[in-house]
Structure formats: structure tokens, C-alpha cells
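So the structure is just underneath, and the comments pick up after that.
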Amino acid sequence: MRRITTGLVVSLLLLTPLPVRADALDPVKALRAQIVPGRGVTVSAVTRMSADGKHLLTSRTTRVAGFRKGGLVETDDISTLSSPLSSELPELDSSFLFPELLIKVDGAYYTSGGELIGKLPLGKQWVRSRWFESSPMDGTVDLFEPGTLRALLATASSVGPRTAKGTIRASKIPGQPLGGGLGREEKVAWALWFDAEGRVIRLTTTTSQQTNDNYELGIRSDLRFTGWGTKVTIEPPPEDLVIDAEDLPEEEGLFWEPPVTIETPPKGK
């Protein structure tokens, strides 16, 4: 048997292609490859809000997102809210008892359920508005906002084969992160998980800020992404079930009131 010399071994290694490492994946490129008109993804989000560590509110949203030409994203959301304080705030009962539905399509917003239950004219189930209507999902970090994923990864403090995590200032996140209510210098801790193709399958964000009444308000969101590349068609509700916001009875004032908020109880109570 002939011996293989050290020099020959080195030559063979140089000629043999090495396997691609998992951490060489490019998540930004992978995301861009998914933003294809007619395709989409399902996002499930759970957001928990606390004050000085005490649980205040939990929102759960399932969003079907459909990508359209020009970078547009159409969405179909169903959200539920729960709070240990709901029994102390009876005026919020309808918002917590019934799921809230929101469809964004063709430049219009269609809302149903939640606080609208029992308040619409007979035979109408949806309200159409050209004004922005928010979903609990809008209180998270929008991964589909151009530049968001790249901005997060640019601040990574740790990168693994299929994970990355770091901290970023709100002012560095494109769009309106966490609904736009966060101070520009507030820090957001984030973590990402990727599949074998580099597509995001999970995103968590955690932040806190001091309120005017001296509470430490904490917000943690956990988003899961499934069904990348699925064919998605977002359609408006049947026209006969829709009423335009400007045609609502004026006394209802449903779409000109500020969004529902939960007040933190006074310190010491």
C-alpha cells in the first residue's frame, strides 16, 4: 500500500469544496426573495404589557399578510384582548368579549367585531374607512417595513447558526415601531430565529419605558412566521355587509374616538 504524502493531502483538501455553514445564510436576501406579489405568510403575535412587573394586558393576533406590487402589504387580522383589569373596567367589556377583525385591502380598512358588536345598523357587520385603523399587530416591529431586518441585524451582539440577538434604539428601526408611541432613544432588545433557508420563523422584542405616573411599563412581543410563499388573496367583505365610516350615525362616534387604553392604577393601590 502506498502512503499519501502530506503535500498530497493538502492538495486534495484545497480541491474539495467545503460545506456551506448555516451561519453563512443571508436572512435579508431570504426575506427579499419572499416578497413576491401574490404570495404571503401568516404571522401569529402575542404581546404582553406590564407595569412594574404586574400584568396589565395581553393581545393575540393572527395576521395573514399578502404581498402586492410596489411593495404593498395587504392584511387580514383577527385579534383578541385579555386583561386581569377587565372586571374593574366594565366599559371595555365588548372589546374583551369579542374578537376584533381588521382587513386592509385596496387602500381601505374594514373593521368588525370588538366594540362594534351591537352598534352597527341592522344588516351591517363591517365599517369601511380610508383613515388608518390600527391592529394590535401594529404595536410590534414591522418586519415587512423596508430596511427593518437589516437594521436589526446590524446591531446584533450574538449570532448563531440559526439565531441572532441584540439591542437597538427605537430611532434606528424603520417605520413606526411599537405603534410609534416609544421614545426615540428607548432601547429594544430583540431576538431572531431562522429556518434552514434563512427565512425568519420567530421574532421577539422586549422594551420598557418610564411613564408619567412613575411606572416602569414593559412590552414584550413574540411573533411566529409560518407558511412563507403561500398563495394569498386578501379580499374585502361582501359589499352588502359594509357601511362607510362617514355614514355611521353621528352619535356613535365610533371612528373618531381615541383608541382604547388601560390606565395604570395609582401607586400604592
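Just so we're aligned: 303 in my numbering is position 61 of the sequence shown, and the numbers increase by one with no gaps anywhere. The C-beta atom is built at its ideal place from N, Cα and C for all residues, glycine as well.
Less than 8 Å between the C-beta atoms of residue 300 and residue 319, yes or no? no
Classification of residue 374 by the beta-carbon crowding that lies within 10 angstroms, buried from 16 upward: exposed
Residues in the same chain with beta-carbon distance under 8 Å from residue 263, minus the five sequence neighbours each way, listed in chain order, please. Confidence at residue 263 is low in this model, with a pLDDT of 40, below 50, so its placement is unreliable and no value can be given for it.
Would DSSP call residue 458 helix, strand or coil? strand
Write down the C-beta distance between residue 462 and residue 448 rounded to the nearest angstrom, noting that I regard them as a contact closer than 8 Å. 5 Å
Which residues DSSP lists as bridging residue 467, in chain order: 285
Own chain, CB closer than 6 Å to residue 376, minus 5 neighbours either side, in chain order: none
How about residue 526 and residue 479: are their beta carbons less than 8 Å apart? The structure shown has nothing for residue 526, since the chain only spans 243 to 511.
CB of residue 484 within 8 Å of CB of residue 366, strictly: yes
Can you tell which of 454, 280, 444, 387 has its C-alpha closest to the C-alpha of residue 286? 444
Nearest neighbour of residue 323, chosen from 475, 277, 288, 400 [CA to CA]: 288
Applying the 10 Å Cβ sphere with the 16-neighbour rule, what's the burial state of residue 240? Outside the shown range of the chain, which is 243 to 511, sits residue 240, and nothing can be said about it.
Per DSSP, what kind of secondary structure is residue 428 in: helix, strand or coil? coil
Sheet register partners of residue 389 (DSSP bridge): Paired residue(s): none; residue 389 is not in a bridge.
Could you check the C-alpha separation between residue 274 and residue 434 for me, to the nearest Å? 16 Å
Excluding the 5 residues flanking residue 279 on each side, which residues of the same chain have their C-beta closer than 7 Å to its C-beta? 309, 310, 311
May I have the straight-line CA-CA distance separating residue 472 from residue 451, to the nearest angstrom? 38 Å
Since residue 410 sits in a beta bridge, which residues does DSSP pair it with? 430
Is the Cβ of residue 490 closer than 8 Å to any Cβ of chain C? Absent from the structure is chain C; it holds one protein chain and no more.
Residue 490 vs residue 369 beta-carbon contact at 8 Å: yes
Residues near residue 284 in its chain [Cβ-Cβ closer than 8 Å; skip 5 each side]: 304, 305, 306, 307, 467, 468, 469, 472
Using DSSP with H/G/I as helix, E/B as strand and the rest coil, what is residue 274? helix
Just verifying my parser: in three-state terms, what is the DSSP assignment at residue 318? strand
What three-state label does DSSP hand residue 482 in the structure shown? helix
If you draw a straight line from the C-alpha of residue 406 to the C-alpha of residue 326, how long is it? 34 Å
Boundaries of the beta strand (DSSP E) in which residue 400 is found, first to last residue: 398-401
Thinking C-alpha only, which one of 341, 477, 313, 457 is nearest residue 276? 313
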